[in-house]
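Participant: So my numbering is basically just the index in the sequence shown, starting at one, shifted up by 513.
Right, I'll just put the structure down here and ask away after.
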Amino acid sequence: MIIVSQLSNCVRCGTVFAKTIRDICPSCYREEEQAFQRVYRFLTKRKNREATIKEIVLATEVEEELIIKFMKENRLRTSQFPKLAYPCEKCGVDIVEGRLCYACSSEIKADLNMQNELDKLIQERKEREHESIYYTINKDDKQ
Ligand SMILES: [Zn+2]
Ligand SMILES: [Zn+2]
């Protein structure tokens, strides 16, 4: 497989750049790194360890979205900073990892399982129909 470097628009500033594994351009990347360092330095002070995202935003002026992004990238871990939490994408409840809370993700899993079961049933029925046609043709007697 050949990996061709594609031109892409930076999702942050819209600049066209040669896309790498990142979806932001090098200058935005640098900015994000600086923001990360700011947040990280703030959080590693003993008195700030238990800061919430809102408090970090106030203190560092880094956007909430960016802080959540760092969390999703596992660069800020709640095992280290216990008060970090962001809203579940589905119901808005506070979560600390992934995109959905436990309830929403198990709900989605249940839906998926049901879909899988349905697919399996449909597939089985198709196979049975196929067999009965096969028998009809070959045995040439009652269905
Ligand atoms: Zn950019
Ligand atoms: Zn949820």
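All C-beta atoms, glycine included, are put in the ideal place defined by N, C-alpha and C.
Note that this is a predicted model, so its numbers are computed, not measured.
Express the C-alpha separation of E602 and K532 in angstroms, rounding to a whole number.
Facilitator: Against the sequence shown, residue 532 aligns to sequence position 19. Against the sequence shown, residue 602 aligns to sequence position 89. Straight-line Cα distance between these residues: approximately 27 Å.
Participant: How is L589 classed by DSSP in three states: helix, strand or coil?
Facilitator: What you label residue 589 is simply residue 76 of the sequence shown in a count that begins at 1. It is coil, neither helix nor strand.
Participant: Can you give me the Cβ contacts of T591 inside the same chain, cut-off strictly under 6 Å, excluding the 5 residues immediately before and after it?
Facilitator: Within the sequence shown, residue 591 is the residue found at index 78, counting from 1. Here the set comprises L597 and V609.
Participant: Mind listing, in chain order, the residues whose beta carbon lies closer than 6 Å to a non-hydrogen atom of ligand 2?
Facilitator: Cβ atoms closer than 6 Å to ligand 2 belong to C601, K603, C604, V606, L613, C614, A616 and C617.
Participant: Any residue with its C-beta under 6 Å from a non-hydrogen atom of ligand 1 counts. Can you list them all in chain order?
Facilitator: Working through the chain, the matches are C523, R525, C526, T528, I537, C538, S540 and C541.
Participant: P600 by DSSP, collapsed to three states: which one?
Facilitator: Mapped onto the sequence shown, residue 600 falls at position 87. DSSP places P600 in strand when its eight states are reduced to three.
Participant: Counting only the same chain and skipping the five closest in sequence on each side, list residues whose C-beta sits under 7 Å from that of R588.
Facilitator: Taking the first residue of the sequence shown as 1, we reach residue 588 at position 75. Taken in chain order, the residues that qualify are F549.
Participant: Quick one: is E586 near chain C, going by C-beta distance under 8 Å?
Facilitator: Protein chain content of the structure displayed is limited to a single chain, and chain C is not contained in it.
Participant: Counting C-beta neighbours from all protein chains within 10 Å, is the total for V575 16 or more, i.e. buried, or is it exposed?
Facilitator: Within the sequence shown, numbered from 1, the residue matching residue 575 stands at position 62. With 16 or more Cβ atoms within 10 Å of its Cβ, V575 is classed as buried.
Participant: Could you compute how far the alpha carbon of A616 sits from the alpha carbon of I569?
Facilitator: Translated into the one-based positions of the sequence shown, residue 616 becomes position 103. Translated into the one-based positions of the sequence shown, residue 569 becomes position 56. Whole-angstrom Cα-Cα distance: 27 Å.
Participant: Can you give me the C-alpha to C-alpha distance between N629 and Y542, rounded to a whole angstrom?
Facilitator: Translated into the one-based positions of the sequence shown, residue 629 becomes position 116. Translated into the one-based positions of the sequence shown, residue 542 becomes position 29. Those two C-alpha atoms are separated by around 40 Å.
Participant: Would I580 be called buried (16 or more neighbouring beta carbons within 10 Å of its own) or exposed?
Facilitator: Along the sequence shown, read from residue 1 onward, the residue named residue 580 stands at position 67. The residue is buried, with at least 16 neighbouring Cβ atoms inside 10 Å.
Participant: Report buried or exposed for T565, applying the criterion of at least 16 other Cβ atoms within 10 angstroms of its Cβ.
Facilitator: Locating residue 565 in the sequence shown gives position 52, counting from the first residue. So T565 ends up on the exposed side.
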